[in-house]
Amino acid sequence: MVEVKGTVSLDGNSIPVGDIIFEPADGTGPAAAGQIVDGKFDLQCPVGTKKVIISAARKTGKKGKDFGEDIMESYIPAKYNSESERQENVSQDSENEFHFVLKSM
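In the numbering used here, the protein residues as written are 2 to 106.
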């Protein structure tokens with residue numbers, strides 16, 4: 002396991018709160034996950050080529066009918082999460098610092 006850290010922004014703005022996952026690109030072995038807070042993340046991850054999945058949700062301003070809870074919406078485009086093809090190499094011999102600059106369009 003090595004430290005992996007970096008930043009995430011969408012359209013030039015830091016992601017206030019979200020999640021980031023580094024899962025094995027070949028589908029075998031454990032994934033590593035962490036929170037994005039104020040556009041930054043820091044987690045422990047196994048070495049190897051990883052598929053990167055980034056997600057975040059925000060309040061819509063609407064309330065649920067049954068319990069009055071805030072209704073949330075995912076606002077990170079699918080190409081960065083459910084359809085992600087982004088891969089990074091996590092190495093024992095490097096700083097493993099990644100800066101993800103995401104775009105809505």
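For each residue, glycine too, the CB sits at the ideal point set by N, CA and C. The structure presented is a predicted model; accordingly, all values stated were derived computationally and were not measured.
Span of the beta strand (DSSP E), counted from its first residue to its last, around residue i
| i | result |
| --- | --- |
| Thr-50 | 49-56 |
| Asn-90 | 88-91 |
| Glu-4 | 3-11 |
Top-ranked residue by Cα proximity to residue i, from the options
| i | options | result |
| --- | --- | --- |
| Val-3 | Val-9, Ser-15, Gln-93 and Ser-10 | Gln-93 |
| Asp-27 | Lys-66, Gly-13 and Asn-90 | Asn-90 |
| Pro-78 | Val-5, Val-9, Lys-104 and Ile-16 | Lys-104 |
| Asn-82 | Gln-45, Gly-49 and Ile-22 | Ile-22 |
| Thr-61 | Met-73, Phe-68 and Asp-67 | Met-73 |
Residue i versus residue j - alpha carbon distance
| i | j | result |
| --- | --- | --- |
| Gly-19 | Leu-11 | 11 Å |
| His-100 | Gly-7 | 5 Å |
| Asp-71 | Ala-57 | 15 Å |
Same chain only: Cβ atoms within 7 Å of residue i, ignoring 5 sequence neighbours per side
| i | result |
| --- | --- |
| Ser-85 | Lys-52, Val-53 and Ile-54 |
| Glu-24 | Ala-32, Lys-51, Lys-52 and Ile-54 |
| Asp-39 | Ser-15 and Pro-17 |
For residue i: DSSP bridge partner residues
| i | result |
| --- | --- |
| Ala-34 | Ile-22 |
| Asp-71 | Lys-64 |
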